[in-house]
Every structure is written in structure tokens, then in C-alpha cells.
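Following: one structure in C-alpha cells, then a few remarks.
2 protein chains.
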Amino acid sequence: MKRKITLKHIARELDVSISTVSKALKNSPEISKDTREKVQAFARLYNYKPNNIAISLKNKRTRNIGVIIPDIVHHFFTTVFRGIEHYANDRGYNVIVCVSDESFDKEVVNMELLANGSIDGFIMALSAETQQKQDFNHLKELGEQGIPLVLFDRVTSEVACDKVIIDDQAAAQMATQRLIDSGKKRIALFTTESFLNVSAKREAGYRRALEKSGLGVDDNLIIRLPHQFEEETLSAAFFESQEFDAVLCVNEIFAIRAMRIAQELQRDIPGEISFIGFTDGLLSKYANPGLTAIAQHGEEMGRVAAELLIDRVEEEDDLEQELPPYRTCIIPVSLIERESTQLAPSKN
Amino acid sequence: MKRKITLKHIARELDVSISTVSKALKNSPEISKDTREKVQAFARLYNYKPNNIAISLKNKRTRNIGVIIPDIVHHFFTTVFRGIEHYANDRGYNVIVCVSDESFDKEVVNMELLANGSIDGFIMALSAETQQKQDFNHLKELGEQGIPLVLFDRVTSEVACDKVIIDDQAAAQMATQRLIDSGKKRIALFTTESFLNVSAKREAGYRRALEKSGLGVDDNLIIRLPHQFEEETLSAAFFESQEFDAVLCVNEIFAIRAMRIAQELQRDIPGEISFIGFTDGLLSKYANPGLTAIAQHGEEMGRVAAELLIDRVEEEDDLEQELPPYRTCIIPVSLIERESTQLAPSKN
DNA sequence: TTGTAGGCGTTATCAG
DNA sequence: CTGATAACGCCTACAA
Numbered sequence: 001m002k003r004k005i006t007l008k009h010i011a012r013e014l015d016v017s018i019s020t021v022s023k024a025l026k027n028s029p030e031i032s033k034d035t036r037e038k039v040q041a042f043a044r045l046y047n048y049k050p051n052n053i054a055i056s057l058k059n060k061r062t063r064n065i066g067v068i069i070p071d072i073v074h075h076f077f078t079t080v081f082r083g084i085e086h087y088a089n090d091r092g093y094n095v096i097v098c099v100s101d102e103s104f105d106k107e108v109v110n111m112e113l114l115a116n117g118s119i120d121g122f123i124m125a126l127s128a129e130t131q132q133k134q135d136f137n138h139l140k141e142l143g144e145q146g147i148p149l150v151l152f153d154r155v156t157s158e159v160a161c162d163k164v165i166i167d168d169q170a171a172a173q174m175a176t177q178r179l180i181d182s183g184k185k186r187i188a189l190f191t192t193e194s195f196l197n198v199s200a201k202r203e204a205g206y207r208r209a210l211e212k213s214g215l216g217v218d219d220n221l222i223i224r225l226p227h228q229f230e231e232e233t234l235s236a237a238f239f240e241s242q243e244f245d246a247v248l249c250v251n252e253i254f255a256i257r258a259m260r261i262a263q264e265l266q267r268d269i270p271g272e273i274s275f276i277g278f279t280d281g282l283l284s285k286y287a288n289p290g291l292t293a294i295a296q297h298g299e300e301m302g303r304v305a306a307e308l309l310i311d312r313v314e315e316e317d318d319l320e321q322e323l324p325p326y327r328t329c330i331i332p333v334s335l336i337e338r339e340s341t342q343l344a345p346s347k348n
Numbered sequence: 001m002k003r004k005i006t007l008k009h010i011a012r013e014l015d016v017s018i019s020t021v022s023k024a025l026k027n028s029p030e031i032s033k034d035t036r037e038k039v040q041a042f043a044r045l046y047n048y049k050p051n052n053i054a055i056s057l058k059n060k061r062t063r064n065i066g067v068i069i070p071d072i073v074h075h076f077f078t079t080v081f082r083g084i085e086h087y088a089n090d091r092g093y094n095v096i097v098c099v100s101d102e103s104f105d106k107e108v109v110n111m112e113l114l115a116n117g118s119i120d121g122f123i124m125a126l127s128a129e130t131q132q133k134q135d136f137n138h139l140k141e142l143g144e145q146g147i148p149l150v151l152f153d154r155v156t157s158e159v160a161c162d163k164v165i166i167d168d169q170a171a172a173q174m175a176t177q178r179l180i181d182s183g184k185k186r187i188a189l190f191t192t193e194s195f196l197n198v199s200a201k202r203e204a205g206y207r208r209a210l211e212k213s214g215l216g217v218d219d220n221l222i223i224r225l226p227h228q229f230e231e232e233t234l235s236a237a238f239f240e241s242q243e244f245d246a247v248l249c250v251n252e253i254f255a256i257r258a259m260r261i262a263q264e265l266q267r268d269i270p271g272e273i274s275f276i277g278f279t280d281g282l283l284s285k286y287a288n289p290g291l292t293a294i295a296q297h298g299e300e301m302g303r304v305a306a307e308l309l310i311d312r313v314e315e316e317d318d319l320e321q322e323l324p325p326y327r328t329c330i331i332p333v334s335l336i337e338r339e340s341t342q343l344a345p346s347k348n
């Protein structure tokens, strides 16, 4: 097996110095046409490719970006990831992924590992545990070390950095309003425990819509389900004990499961009960009936996050140039209407 | 912002040589207790961490593994990825992902990029296009360069390397047999165009079961759908034109969509028609009725792939030791029974 | 036109 | 016990 060839090999074979080879390969006018051609031919023949690691060491730039997400088997994150990956590749960057599994410790460990030279910057969504603990020292340290960071979706105001989010509150408010506009009076909310930033904001939007419309909030219509808990009795009981004609869910799985319970109880969808879920994933699309969903446009989110990050990484090269202030980009959501609702036409 | 600290900085501050610092940090007995403690204290204070890149350059080992998959927004690949990531992390490796988007060119470009020193080995599933073209030179080259490769799921016999697969043929045969055992006589197959290796094998298993049982194969009951094509008329027409009492689908989406068409035609599931799909993902689990599915245990597959790869990467360190022959691991599948079938109890 | 030397950060060898 | 030196592969300012 022919091991990777280096400048040194070429130099030795051709009986020139390493720097001559290096320059010749870059087509430097310093080198005679003759030598250039000789070197280039040889390099092509042996399929020479510069060693990324050596270049990284020299340039102190790896062209790798680190992505840390709570869970990879999750449609939304996966979609964002695709956006990141595509954009990064287009700009010549590779992506190193670590999964925090919603654990604070894994998040910290992974970041420290990558921060020691493996990457030029991070894109991440906070783990549930990190949000719960409200401990962001590992993120603040990045700033001190001059490693750019972009947070997306699960962000915090405690850390100064670029951010990409959707306006969760406005989205929930819009969805709730659309349900109200379609004549629904008693709208339930299926949400998670509230330490998740996004859930809290979605709840706020839901409340706001109800208040503004004059329907008012009935706290009995809000059910808080454990985050990853697979059990139906809680929600089934909720269906028995409360009266409602529409449901807003903070995620897709809650919506699918709620819809299924309704079907088992022989409720007509969307006539008796309408459903809207956050996250427009495969489940919404292929549900029967199709689930009306708030699309978060994860791919776009990833694209923007990667752009913010790479721009900043590359700005840092222009030494001591004033860096632009941190930005927060808000990705617009859209409501994908399917059979689980019968909405009046939107006003805009 | 305090930039990353290096051995050199420490050496200068403490007025000792770089090599002394290096040794002291490794607790080398060569160094006096005094110096060791002084150095270690200083290092801790300034949170010194060795630079990964420099170490990679020196060791010619990056502790990164490259994963190339056709699509990240795909439950099965995502599951395999999780298995890889977890196992790799446990052994101190990071994962660099590239997505081929089912394109041959992207596969080649990504691999070449990473192969220049960024990774110690590859884990990949072939893109559709690569399988179609049957061009595997980029993979063969890895062998020549001494870069270990593990193929999973979408493999080829053209390349000598470690492989991890499920026995697609046996799985399809088993599923078909179970349908037969439950009394079904006319079993349809929904598959893709046949250049996908796995589809071909699944079809073979389906045929084998029908032949062995004496039912025989009716080619009219096999429908070939475009791989990523989102249209229902083809399959709807199939439902109209053919009589069948069970359906085996080579993937989850086909199954969900077929099931939905059946529901729209008011067919009783599983009484009139039973359904089984490959890939036990979210859609199968949350479908209504739940879809009986062949679980490929992607996470286990990823774990095994990562183990094969890392073992081989690390074996290569033990210079000139005879490398073990290439292995092909077969991950057993299992049938997850849900409401879309009414199977007789399995014989084993 | 070509080559030398130094450096990126680390480690290993060997000399002091 | 400590330090100088060379090496990993590449680049570049400066010398020849």
C-alpha cells in the first residue's frame, strides 16, 4: 500500500528542495516554468494532496465547525443539521458533530474536547439539562478563548453570541389565533415541563392569543407532559376530564399521540376537535388525518447559523478589525395546513 | 480575551524548557517533584489543554472518524449514526459527518477532502448513484492508502473491507412467511427501482418465501415506485387493478402511504389487508393503526461498525502485525408486531 | 531561480 | 534532573 505522499517525498525524488516544491505546486512565478511543470506532473502522478492537519497547525484554522445538538434522532435537529452541513460544505468547511443527549456533562466534555484546536467555532442548541441548571460557564469560556459560537433554537440570554431562533411566542400566538378565528372556543395546550425555554415561550404566545381575543385562559386546559415520557394515561385522562374543541401541541409527538387518543374516543377531527402541532416533520405529513403544523424551517435555520458562524470565523482573520456586534436572526415560521384543522383563510 | 496557552508560554513564564514542561505535565519521574508541582499548578491555573492538531500531526492519528451517509434526515441512518457516535465517543473518537445526498460526486469529493489527514478511517453507506454506477474506485483507493473503511447497510462485494449489514433477504423472507402463516394468499410487494442493493435482496427474500410455500410469485403483485417520488396515483391505481390481501414494503414511507390509500378505499386493516414495512421508525410506531415493521436495529449496527473500524485503526498501530481478515457482521432483525397485521405466533 | 531557516505545538531521544 | 534537538508536514520571509 502506497502511503500518503508529502512534499518531502517529491523533493527527494526530484532532487529539489521542499520549498521549491511547495512554491511550484502553487504556481509561484518565482519558480522556473520547467521546474513547475516537472513538479506538478510528478505530484499529479502520485496524486499528491496537502495534509490538512499540517495546514491547520500552520494556519491555526481547521475549516471544521463543531455542531452540538441534544439528539440526532430528532427530525427538527436533523433538518437544521442538514442546513448547516450544506452551507458549510459550500464554503469549504467540514462538520464535526457531537450529541449531548440532553446531558450537561456530555455537552461540557464534548465542547472541551473540540475546543482544543479541532474546530474553528461552534453551532449548538442547549441540552435540556443545561437549560435547567442555567449553568453557561462552558459557553462563556469560549468567548474568552476567542472561539465563535452560534446558538440556535434553544438559546439563552445569558451568553453573548450570535443566535438563530424562531419567534416561538409569535408562532404559538398565530396558531392559537387561527384556531380562534375558525370558531374554536376552548383550546387546550399540550406542553412539556416549563424549564425548556421554547415551551415557555410557546405557552406565552398561547396565553396572549386567548387573552387578546377575550376568551381568556383556563389553566385546566393546559397539560404538562414529561419530556420523553411514553405514556398515554395522563393525556387520556385529560381527554376524559376536560372539554375542549382544539389542541395546540408544543411538539409533533404530543400532537400525534393526542390525535390518536381522540380518534380512539371517536371524536371527529377536525369537526369536534382540531389539532395543530409544532415542528412540521414526517409524522405530521404522514399522519392520518394529516396534521396541521407550524413549520420551523430547520434547514434555513441551519443555513443562517452556519453563515453567521463562518462569517465571524473568517472576520477574525482580518486582525484587529472591529468585529460586528452579535446578531439574533429570527427565522419566520409558517403554518402548514392539513386535515386536522379547518381554518378560515388567513388574514394576511 | 486570553488566547489558548501553549507549552511554550508555560515554559517562558516558569523559566524552564519546553521539554521540561511537557514531561512535568505527564508526571514523568524524570522531573523533580518540585518542578512537576509548579508546572502542574500553573497549567491548571491557566487551564492548559494540549492542542489536538499538533498531537494529530505528531502521531499521525486524529482520533476522528469520518461518516458518510446518503441522507441525514432519515430515521434509519440517523439511528445508525447515533450508535456510531456513542461508541466512538466512548473510545475517545470524534465523528465528522458528510452527507452525500445520494450523489456519487459529493461522495467522492467529501471522501477525498477527509482522507487528507482529517480522519483515521471511514464508516459509510453507499449513495444511490454510486450503487447505480457501480464505480468504487474512490473506495478502493482508500485501501491503497491504508485508510480503514467499514461499509454498512448499502454495501458492495466489489470492495474488500469490513461490512455490517442485515440479512435483507432472510428478513424479507421471514416477514413474507409470517404473512403466509397468518393465512394470506396474495401478498403484494412495494419496492423501489432495483439498483438499490437492499431492495433487490428484499425482493429475493419475498420471492423465496412465496415459492417455498407453494403460493408462487405473481409479478403483477410487485410494484416498483420511484425512490424519492412523492406521488400516489401509481400506487392508487395498483390498489384498483390488483387483488391482494397483504403488503410487504421495502421501506417505511411506502408502507405508510400504501396503508393510507387502503384506508381511503375503506379496506379493513388488518382483516382485509395486512401491512408490514421495513425500517421500524417513528412513522411505524405512531401510525394509526400501528405498522408492523422489520426493525433493523440501526443503533446496534452503528455500534458494531464503529467497533470494527476503531479496532482496525488501532491495530494498525501495532506495526506490521498481521491484520485480521475482513469481516462481515450480520445484525439480526426483528419483527415488531403492531395492529397492521394479525400474525400467528412465531414458530421460534 | 532555488534553497535555507524558522515556526505552528507537541513529543521523544539523547546529551548534559 | 533538565534541556537541546529533531521530527510530524507545510508555508514563507529571506538569503544565496
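The listed protein sequences derive, respectively, from chains A and B. Using full-length UniProt numbering, you'd call the opening residue of the first sequence number 1 and step up by one each time. Using full-length UniProt numbering, you'd call the opening residue of the second sequence number 1 and step up by one each time. Every residue, glycine too, gets a C-beta built ideally from N, C-alpha and C.
Using the beta-carbon of each residue, which ones in chain A are nearer than 7 Å to I336 (chain B)? The residue labelled residue 336 (chain B) in the question sits at position 336 within the second sequence. Those do not exist, as I336 (chain B) stays about 15 Å from chain A at its closest Cβ, beyond 7 Å.
Compute the distance between the beta-carbons of R207 (chain A) and V198 (chain A), then report whether it is under 7 Å. Position 207 of the first sequence, counted from the first residue, corresponds to residue 207 (chain A). Position 198 of the first sequence, counted from the first residue, corresponds to residue 198 (chain A). Cβ distance not < 7 Å, so R207 (chain A) and V198 (chain A) don't count as in contact.
Chain-ordered chain B contacts of T292 (chain A) [CB-CB under 7 Å]: Locating residue 292 (chain A) in the first sequence gives position 292, counting from the first residue. Those within 7 Å of T292 (chain A) in chain B number zero; the least Cβ separation is about 16 Å.
Find the nearest neighbour of E107 (chain A) within the set A:H75, A:G271 and A:D71, judged by alpha-carbon distance. On the first sequence, position 107 is the one that residue 107 (chain A) refers to. The residue with the shortest Cα to Cα distance from E107 (chain A) is A:D71.
Which term fits D15 (chain A), buried or exposed, when burial requires 16 or more other beta carbons within 10 angstroms of its beta carbon? In the first sequence, residue 15 (chain A) corresponds to position 15, counting from 1. Exposed, because fewer than 16 other Cβ atoms sit within 10 Å of the Cβ of D15 (chain A).
May I ask you to report which of helix, strand or coil DSSP gives G143 (chain B)? For this step, residue 143 (chain B) is matched to residue 143 along the second sequence. It is helical.
I want to verify the contact list: residues of chain A whose CB lies under 9 Å from the CB of G302 (chain B), in sequence order. As a working mapping, residue 302 (chain B) is identified with position 302 in the second sequence. Those do not exist, as G302 (chain B) stays about 11 Å from chain A at its closest Cβ, beyond 9 Å.
If you drop the 5 nearest sequence neighbours on each side, which residues of the same chain put their C-beta closer than 6 Å to that of L139 (chain A)? As a working note, residue 139 (chain A) is residue 139 in the first sequence. Same-chain partners within the cutoff: V159.
Check for me: the alpha helix (DSSP H) holding V108 (chain A) runs from which residue to which? One-based indexing of the first sequence puts residue 108 (chain A) at position 108. Residues F104 to A115.
Same chain, Cβ closer than 7 Å to A43 (chain B), neighbours up to 5 away in sequence not counted: Translated into positions along the second sequence, residue 43 (chain B) becomes position 43. I10 and L25.
Does Y46 (chain A) come within less than 7 Å of chain B when only Cβ atoms are used? For the purposes of this step, residue 46 (chain A) is taken as the residue at position 46 of the first sequence. No, Y46 (chain A) does not count as interfacial toward chain B.
Which residues in the same chain as S56 (chain B) place their Cβ atom closer than 7 Å to its Cβ, once the five residues preceding and following it in sequence are excluded? For the purposes of this step, residue 56 (chain B) is identified with residue 56 of the second sequence, where counting begins at 1. Cβ within range, chain order: T62.
Would you grab the beta carbon distance between G337 (chain B) and T279 (chain B) for me? Rounded to a whole angstrom, and I think it's under 8 Å. Residue numbering aside, residue 337 (chain B) sits at position 337 when the second sequence is read from its first letter. Residue numbering aside, residue 279 (chain B) sits at position 279 when the second sequence is read from its first letter. What sits at residue 337 (chain B) in the sequence shown is Glu, not Gly. Wrong, their Cβ atoms sit about 15 Å apart, outside the cutoff.
Is the shortest distance between the beta-carbon of F136 (chain A) and the beta-carbons of chain B less than 7 Å? Counting from one through the first sequence, the residue named residue 136 (chain A) turns up at place 136. By this cut-off, F136 (chain A) is not an interface position.
Check each candidate in B:N64, B:I269 and B:R267 and name the one with the smallest Cα separation from V313 (chain B). As a first step, residue 313 (chain B) must be located in the second sequence, where it is residue number 313. The shortest C-alpha separation from V313 (chain B) is found at B:N64.
Beta carbon of I84 (chain B), beta carbon of Q296 (chain B): below 7 Å? For this step, residue 84 (chain B) is matched to residue 84 along the second sequence. For this step, residue 296 (chain B) is matched to residue 296 along the second sequence. Not in contact: I84 (chain B) and Q296 (chain B) (Cβ atoms no closer than 7 Å).
Could you tell me if T341 (chain B) is buried or exposed, where buried requires 16 or more neighbouring beta carbons within 10 angstroms of its beta carbon? Position 341 of the second sequence, counting from 1, holds the residue named residue 341 (chain B). When all chains shown are included, T341 (chain B) counts as buried.
Between the alpha carbons of Q40 (chain B) and N137 (chain A), how many angstroms are there, rounded? As a position in the second sequence, residue 40 (chain B) is number 40, starting the count at 1. As a position in the first sequence, residue 137 (chain A) is number 137, starting the count at 1. Answer to the nearest angstrom: the Cα atoms are 23 Å apart.
Would you report the Cα separation of A170 (chain A) and A287 (chain B), rounded to the nearest angstrom? Within the first sequence, residue 170 (chain A) is the residue found at index 170, counting from 1. Within the second sequence, residue 287 (chain B) is the residue found at index 287, counting from 1. So the two alpha carbons sit approximately 30 Å from each other.
Going along the chain, which unbroken runs of the alpha helix (DSSP H) with 4 or more residues stay wholly within the UniProt domain "HTH lacI-type" (5-59) of chain A? 7-14, 18-25, 33-45 and 52-59
Identity of the residues DSSP links to G121 (chain B) by a beta bridge: The residue you call residue 121 (chain B) lines up with position 121 of the second sequence. BP columns for G121 (chain B) point to B:I65.
For L221 (chain B) versus F244 (chain B), is the C-beta distance shorter than 7 Å? If you number the second sequence from 1, residue 221 (chain B) lands on position 221. If you number the second sequence from 1, residue 244 (chain B) lands on position 244. Cβ atoms of L221 (chain B) and F244 (chain B): closer than 7 Å.
The region 94-117 of chain A: which residues have C-beta closer than 9 Å to a C-beta of chain B, in chain order? N94, V95, I96, V97, C98, V99, D101, K106, V109, N110, E112, L113, L114, A115, N116 and G117
Whole-angstrom distance between E37 (chain A) and N110 (chain A), CA atom to CA atom: The residue given as residue 110 (chain A) occupies position 110 in the first sequence. The residue given as residue 37 (chain A) occupies position 37 in the first sequence. Going from the Cα of N110 (chain A) to the Cα of E37 (chain A) covers about 46 Å.
Beta bridge counterpart(s) of I84 (chain B) as assigned by DSSP: Taking the first residue of the second sequence as 1, we reach residue 84 (chain B) at position 84. Note: I84 (chain B) sits in no beta bridge, so no partner.
N89 (chain B) (DSSP reduced to helix, strand or coil): As a position in the second sequence, residue 89 (chain B) is number 89, starting the count at 1. Correct three-state label for N89 (chain B): helix.
Is the shortest distance between the beta-carbon of E129 (chain A) and the beta-carbons of chain B less than 7 Å? Within the first sequence, numbered from 1, the residue matching residue 129 (chain A) stands at position 129. Closer than 7 Å: no.
Give the range of the beta strand (DSSP E) segment to which A293 (chain B) is assigned. Here residue 293 (chain B) is taken as the residue at index 293 of the second sequence, counted from 1. A293 (chain B) -> beta strand (DSSP E) spans T292 to A295.
In whole angstroms, what is the alpha-carbon distance linking K22 (chain B) and N52 (chain B)? Position 22 of the second sequence holds residue 22 (chain B). Position 52 of the second sequence holds residue 52 (chain B). According to the sequence as given, residue 22 (chain B) is Ser; it is not Lys. Between S22 (chain B) and N52 (chain B), the C-alpha separation is close to 15 Å.
Could you tell me whether the Cβ of K38 (chain A) comes closer than 7 Å to any Cβ of chain B? Residue 38 (chain A) sits at position 38 when you count from the first residue of the first sequence. No, K38 (chain A) lies away from the interface with chain B (no Cβ there is under 7 Å from its Cβ).
Proximity test, Cβ basis, 7 Å: N52 (chain A) and chain B: Your numbering for residue 52 (chain A) matches position 52 in the first sequence. Cβ-Cβ to chain B under 7 Å: yes for N52 (chain A).
Between the region 271-300 of chain B and chain A, which residues of the former have a C-beta closer than 7 Å to a C-beta of the latter? L282, L283, Y286 and N288
Let's test the definition: count the other Cβ atoms within 10 Å of the Cβ of S32 (chain A) and tell me whether it reaches 16, buried, or not, exposed. For the purposes of this step, residue 32 (chain A) is taken as residue 32 along the first sequence, with counting starting at 1. By the neighbour-count rule (16 or more Cβ atoms within 10 Å), S32 (chain A) is not buried but exposed.
Should K12 (chain A) be labelled buried (16 or more other beta-carbon atoms within 10 Å of its own) or exposed? By 1-based counting over the first sequence, the position of residue 12 (chain A) is 12. Reading off the sequence shown, one finds Arg at residue 12 (chain A), where the question assumed Lys. It is exposed - the Cβ of R12 (chain A) has fewer than 16 other Cβ atoms within 10 Å.
Where DSSP assigns a beta bridge to F152 (chain A), which residues make up the other side? As a position in the first sequence, residue 152 (chain A) is number 152, starting the count at 1. Looking at the DSSP assignment, F152 (chain A) forms a beta bridge with A:V164.
Suppose contacts are defined by Cβ-Cβ distances below 7 Å. Is Q177 (chain A) in contact with G205 (chain A) by that definition? Looking up residue 177 (chain A) in the first sequence gives position 177. Looking up residue 205 (chain A) in the first sequence gives position 205. In this structure, G205 (chain A) does not lie closer than 7 Å to Q177 (chain A) by Cβ.
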